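At position 40 of the sequence shown (counting the first as 1) the number is 36 in the working numbering, and the numbers step up by one without a gap. By construction, the Cβ of each residue, glycine as well, lies at the ideal position given by its N, Cα and C atoms. Owing to the predicted nature of the structure, the values given are computational and were not obtained by experimental measurement.
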Amino acid sequence: MKVSADREQCIQVGNCMLVAGEVFDQDADGIVVVLTDEVSGEQVDRVQEAVNLCPAAALSLTED
Ligand code: SF4
């Protein structure tokens, strides 16, 4: 599954980091950074949770 983030949409809340810290980080301004754009197994569930929790709808998880 492919992970992407729209950094223009991100409002720096950090929910994504809390649920999937191995996939998402924040830069010095608090804007999301995707650390790995391919996920599988249990990571998919955590990334899906991050997608659901993002208040800005900035994250997406799609089929390769
Ligand atoms: S949860 Fe959404 S708004 Fe918050 S840091 Fe992550 S991408 Fe940005």
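- Placement of the Cβ of A24 at a distance of 8 Å or more from every heavy atom of the ligand SF4 is found.
- In the structure shown, D21 falls within a strand segment according to DSSP collapsed to helix, strand and coil.
- Going by beta carbons, I27 and C6 fall inside the 9 Å limit.
- Only buried fits A16, as 16 or more other CB atoms lie within 10 angstroms of its CB.
- Selection D25, G37 and L31 evaluated against A1 yields L31 as nearest (Cα-Cα).
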